[in-house]
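All remarks here apply to the structure that follows.
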């Protein structure tokens, strides 16, 4: 952020929570109008930008800036049109209208990539992403990944992968592993039980333990699906778990130091800040994808 040009206009998702990160050329009158329009906005010195909370912050801010800075956007859109004319994106997933319209089969990768494109927004009415011309360079940079993910999500491609997987030698092992993960259970040492209802890190990622059943984990199951437990001298018992929400991850206090060997051996530990950041991004991406799917379903209904 510190190295950007002073006249840049930028808006992007806030990785720390629902909201937007916004920067625009300094103008005292514009800042005053901005504060009136977004009373919950807060200036962040580290980002050198405004942080606006809210699930609709991206769209609301884009509309406000579009109204406040039309000349800057007009020039940027015209440059984008010129760039697209010189180097067009040719794809069955892209329509060219007043904006770019991207319509693909559902793919989490597509959602993540398009959310990272400045000014892109999801239109639930026509079940498509809209991207202004001013964002053509970033859209073009991400397009190979978007198109590849969309093609992988086509029904025929999914069917072919399923058929190919069934003929693979390791198919039964994969099925068994997936079935085990769906049980939402995790082995923990009987002598070092984890705390309940608290965000922890594990060899399966972040989790919240709901209950310790006391049922002993069969040695064969532990060896097959939880290889990290092979050095555990204590008896293992099952703990039932769920994934933490993004809000829970944001509120979790990080450990000062990485997990010790003993903590890794027992299978659970307090997450570090870096582990929490990764988990927050993943949880937020998942929650957004779920919201996009719900919006799309509501539009169809």
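Residue numbers (the numbering used here): 1446 to 1746. Glycine is no exception: its CB is placed at the ideal position from the N, C-alpha and C atoms. Note that the structure is a prediction, hence the values are computed from the model and not measured.
Asked: Buried versus exposed, by CB contacts within 10 Å (16 or more), residue 1622; Found: exposed
Asked: For residue 1485, the nearest candidate out of 1491, 1467, 1692 (CA to CA); Found: 1467
Asked: Close beta carbons around residue 1464, own chain, < 7 Å, minus the five adjacent residues each side; Found: 1496, 1497, 1498, 1499, 1502
Asked: Cα-Cα separation, residue 1638 to residue 1657; Found: 8 Å
Asked: Exposed unless 16 or more other CB atoms sit within 10 angstroms - verdict on residue 1701; Found: exposed
Asked: Where the alpha helix (DSSP H) containing residue 1658 begins and where it ends; Found: Premise fails: residue 1658 lies in the beta strand (DSSP E), 1650-1661, not in any alpha helix (DSSP H).
Asked: Distance, residue 1668 Cα to residue 1709 Cα; Found: 16 Å
Asked: Contact set for residue 1522: own chain, Cβ-Cβ below 8 Å, skip 5 residues either direction; Found: 1577, 1578, 1579
Asked: Residue 1581, enclosing alpha helix (DSSP H) - first and last residue; Found: 1581-1597
Asked: Inter-stretch contact (C-beta, 8 Å, three-pair minimum) for the stretch 1593-1606 and the stretch 1554-1572; Found: yes
Asked: Pair within 7 Å by beta-carbon distance, residue 1583 and residue 1562; Found: yes
Asked: Same chain only: Cβ atoms within 6 Å of residue 1450, ignoring 5 sequence neighbours per side; Found: A caution first: residue 1450 carries a pLDDT of 34, below 50, which makes its placement in the model unreliable, though a value can still be read off. So the list is empty, once near-sequence residues are dropped.
Asked: Residue 1618 versus residue 1483 - alpha carbon distance; Found: 53 Å
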